[in-house]
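Q: Just so we're aligned: the sequence shown equals residues 1 to 143 in the UniProt record's numbering.
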Amino acid sequence: MSEGGDKELDPGADPAADPGAGMDPGAIMAAVGTEEAGEPGWAGEGGGVAAGMDEAGPINIDLIMDLPLQVVVELGRTKMLINDLLQIGQGSVIELNKQVGEPLDILVNGKLVARGEVVVVREKFGIRITDVISPIERIKQLG
1 MSEGGDKELD PGADPAADPG AGMDPGAIMA AVGTEEAGEP GWAGEGGGVA AGMDEAGPIN
61 IDLIMDLPLQ VVVELGRTKM LINDLLQIGQ GSVIELNKQV GEPLDILVNG KLVARGEVVV
121 VREKFGIRIT DVISPIERIK QLG
């Protein structure tokens with residue numbers, strides 16, 4: 001670990017295996033124009049993203065546009081004993097904590113960003129966004 005508590009990067013590690021690994025959330029927020037207090041720059045008075053300027057000059061959001069993100073739609077969760085897990089076989093049913101029709105959680109890099117409902121798109125599953133978590137709540141999850 002480095003002095004500031006940040007993760008050290010492993011030069012041999014595959015960055016696609018853990019998107020955003022070793023990245024400082026403060027640096028990411030600074031790159032997209034958010035302030036240290038956790039409030040988006042566009043929400044404050046006359047600055048940040050809406051103005052297109054920060055203390056160093058224009059924000060170049062293109063710098064982060066190609067970062068890979070892991071997107072997961074979570075159907076549900078459950079807890080099991082190891083003994084029960086070892087007895088699972090083909091045809092076993094695992095009961096989850098979500099009800100039929102209940103919105104599913106959409107996580108980006110392990111953080112909740114939205115909720116949605118299952119849809120079918122050309123014979124494949126998809127998800128229709130029904131609720132987006134506010135930017136302030138998403139930034140709070142980083143801490």
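Just so you know, even glycine gets a beta-carbon here, dropped at the ideal spot from N, CA and C. If you're wondering where the values come from, they're calculated on a predicted model, not measured in any experiment.
According to DSSP, simplified to helix, strand and coil, what is residue 127?
A: Translated into positions along the sequence shown, residue 127 becomes position 127. Residue state, collapsed to three classes: strand.
Q: Please name the residue in 58, 140, 84 whose C-alpha comes closest to that of residue 113.
A: Translated into positions along the sequence shown, residue 113 becomes position 113. Per the Cα distances, 140.
Q: Give the C-beta separation of residue 103 and residue 116 to the nearest angstrom, bearing in mind that I take them to be a contact with Cβ-Cβ under 8 angstroms.
A: The residue given as residue 103 occupies position 103 in the sequence shown. The residue given as residue 116 occupies position 116 in the sequence shown. Confirmed, about 6 angstroms.
Q: Along the chain, where does the beta strand (DSSP E) containing residue 95 start, and where does it finish?
A: By 1-based counting over the sequence shown, the position of residue 95 is 95. Unbroken run through residue 95: none, as it is neither H nor E.
Q: Tell me the rounded alpha-carbon separation between residue 81 and residue 105.
A: The count along the sequence shown starts at 1 and reaches residue 81 at position 81. The count along the sequence shown starts at 1 and reaches residue 105 at position 105. When rounded, the distance between both Cα atoms is 24 angstroms.
Q: Does residue 61 come out as helix, strand or coil in the three-state DSSP assignment?
A: By 1-based counting over the sequence shown, the position of residue 61 is 61. Residue state, collapsed to three classes: helix.
Q: One question on the structure: do residue 110 and residue 72 come within less than 9 angstroms of each other, judged by their Cβ atoms?
A: Taking the first residue of the sequence shown as position 1, residue 110 is located at position 110. Taking the first residue of the sequence shown as position 1, residue 72 is located at position 72. Taking 9 angstroms as the Cβ cut-off, residue 110 and residue 72 qualify as a contacting pair.
Q: Enumerated in chain order, which unbroken segments of the alpha helix (DSSP H) with a length of 4 residues or greater are wholly contained in the stretch 69-96?
A: Segments of the alpha helix (DSSP H) lying fully in the stretch 69-96: 82-86.
Q: Please name the residue, chosen from 93, 66, 65, 89, that lies closest to residue 78 on a Cα-to-Cα basis.
A: Residue mapping note: residue 78 aligns to position 78 of the sequence shown, counting from 1. Closest by alpha carbon: 93.
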